[in-house]
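Enquirer: Residue numbers (the working numbering): 19 to 191.
All C-beta atoms, glycine included, are put in the ideal place defined by N, C-alpha and C.
Since the structure is predicted, the reported quantities are computational estimates derived from the model, not experimental observations.
Can you keep this structure in mind? I'll have questions shortly.
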């Protein structure tokens, strides 16, 4: 007998549709940090890219974040870039590479990755999937099959994510 039913993930997954030049995503940073602190390895937090056309460096920032994940400091990099999101419009890719340097990442590899576009397909795939499931702005969260839009208001979103995560963890126990 062939059981082709999907295997549920070992831990709940929270997809965070984010854009690293977005002021709303910067505001959501405290919630993301709180969720990472509360759940640790019991909740998989996945960055999903949704660069908005109105932010000219968002696509490059998404690629740079992928390079940071490749080099082992993805979330540290995401947080650092979001902290500086207001400067990204003025400083562009230089800020992205300088941030990598401050975190001890290989800046030459960052430069090369931004030039050769090795992470473009990941960013494009995330954006296409986001559009397919109805993401229209950032931040947007998807957990347990539920989409929560933080682009208009983030009030109560972390609490809702926690309710769903707690339920999913209890169901898996």
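Quick check on this structure: which residue in 171, 89, 54, 103 has the alpha carbon closest to the alpha carbon of residue 37?
Expert: 103
Enquirer: Rounded to whole angstroms, what is the Cα-Cα separation between residue 144 and residue 58?
Expert: 24 Å
Enquirer: So, using beta-carbon positions, are residue 54 and residue 31 closer together than 8 Å?
Expert: The Cβ atoms of residue 54 and residue 31 lie no closer than 8 Å to each other.
Enquirer: Give the DSSP-derived three-state secondary structure of residue 41 in the structure shown.
Expert: helix
Enquirer: Let me check one thing: in DSSP terms, what residues is residue 137 bridge-paired to?
Expert: Answer by DSSP bridge pairing: none, since residue 137 is not bridged.
Enquirer: With a CB to CB cut of under 7 Å and the five nearest residues on each side skipped, what residues in its chain are close to residue 152?
Expert: 165
Enquirer: Considering only DSSP beta bridges, list what residue 158 is partnered with.
Expert: Per DSSP, the beta-bridge partners of residue 158 are 35, 167.
Enquirer: Residue 40 and residue 73 look like a contact to me (Cβ under 8 Å); what is the Cβ gap, rounded to whole Å?
Expert: 7 Å
Enquirer: If you follow the alpha helix (DSSP H) that residue 71 is part of, which residue opens it and which one closes it?
Expert: Counting along the chain, no alpha helix (DSSP H) covers residue 71, and no H or E run does either.
Enquirer: Return the bridge partner residues of residue 180 from the DSSP annotation.
Expert: Residue 180 is not bridged to any residue.
Enquirer: Tell me which same chain residues have a C-beta within less than 6 Å of the C-beta of residue 162, skipping the five on either side of it?
Expert: 182, 186
Enquirer: In terms of residue numbering, what span does the alpha helix (DSSP H) encompassing residue 121 cover?
Expert: Neither: residue 121 is in no alpha helix (DSSP H) and is coded neither H nor E.
Enquirer: For the ligand ADP, is there a heavy atom less than 7 Å away from the beta-carbon of residue 163?
Expert: As for the ligand ADP, it is missing from this structure, which has no ligand bound.
Enquirer: Let me check understanding here. Comparing Cα to Cα, which of 67, 83, 87 lies closest to residue 147?
Expert: It is 67.
Enquirer: When DSSP labels each residue in this structure, what does residue 61 get in the three-state scheme?
Expert: DSSP places residue 61 in coil when its eight states are reduced to three.
Enquirer: Determine the DSSP secondary structure at residue 172, reduced to helix, strand or coil.
Expert: coil
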